[in-house]
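> A single structure is presented below for examination.
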Amino acid sequence: MEQKSMTALISAFSRAYHSMQDSQKVFDDYLAKDILSQNEYEQIASNMSKGIKFFNPSFEGTQGEALRWIVDNQLSPSPLGRAAFAEKTLENAVRIGAKQYIIFAAGYDTFAYRQPEWASEIQIFELD
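First residue of the sequence shown? That's 51 in our numbering, and the numbers climb one at a time after it.
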């Protein structure tokens, strides 16, 4: 069996957490949770919250609050912003004739499943 990429799993976790936990979404990857097994999701959540002192040595709070802090401040900002920007830019690029979409550090990207109409119009290359 092929070893899963930990960075890809964590990227999917951060997108899933944001989609499920935040009412105001930067980027709603509502399928990210489906990529992870329940065990993977729970293990990542547990390990992240237990490691809060690495990220914020003065943190005081519950494990849930620790996980929220880590996701909001360390895990999600770059991937969510990047995905939101990339897909909005891609939408415009496809309108003017783009035929390929290359995703670097894909992190179990779900674009082709969330946007099947666009995906059928372009070639998608995912590199992790």
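By construction, the Cβ of each residue, glycine as well, lies at the ideal position given by its N, Cα and C atoms.
Note that the structure is predicted; figures quoted are calculated from it, not measured.
Compute the beta-carbon to beta-carbon distance between Thr-160 and Leu-81, rounded to the nearest angstrom, for a pair I have assumed lies under 8 Å.
For the purposes of this step, residue 160 is taken as the residue at position 110 of the sequence shown. For the purposes of this step, residue 81 is taken as the residue at position 31 of the sequence shown. Yes, Thr-160 and Leu-81 are in contact; Cβ-Cβ is about 4 Å, under 8 Å.
> Apart from the five residues just before and just after Lys-83, which ones in its own chain have a Cβ nearer than 6 Å to its Cβ?
The residue labelled residue 83 in the question sits at position 33 within the sequence shown. The residues are Ala-66.
> Quick one: is Ile-152 buried, meaning 16 or more other Cβ sit within 10 Å of its Cβ, or exposed?
Translated into positions along the sequence shown, residue 152 becomes position 102. Result: exposed.
> From what residue to what residue does the alpha helix (DSSP H) around Glu-92 run?
The sequence position of residue 92 within the sequence shown is 42, counting from 1. Unbroken alpha helix (DSSP H) run through Glu-92: 88-100.
> In angstroms with no decimal places, state the Cα-to-Cα distance between Val-76 and Asn-106.
Taking the sequence shown and counting its residues from 1, the one referred to as residue 76 is at position 26. Taking the sequence shown and counting its residues from 1, the one referred to as residue 106 is at position 56. If you take the alpha carbons of Val-76 and Asn-106, they lie about 24 Å apart.
> From which residue to which residue does the beta strand (DSSP E) around Glu-176 run?
By one-based count along the sequence shown, residue 176 stands at place 126. Its beta strand (DSSP E) spans residues 173-177.
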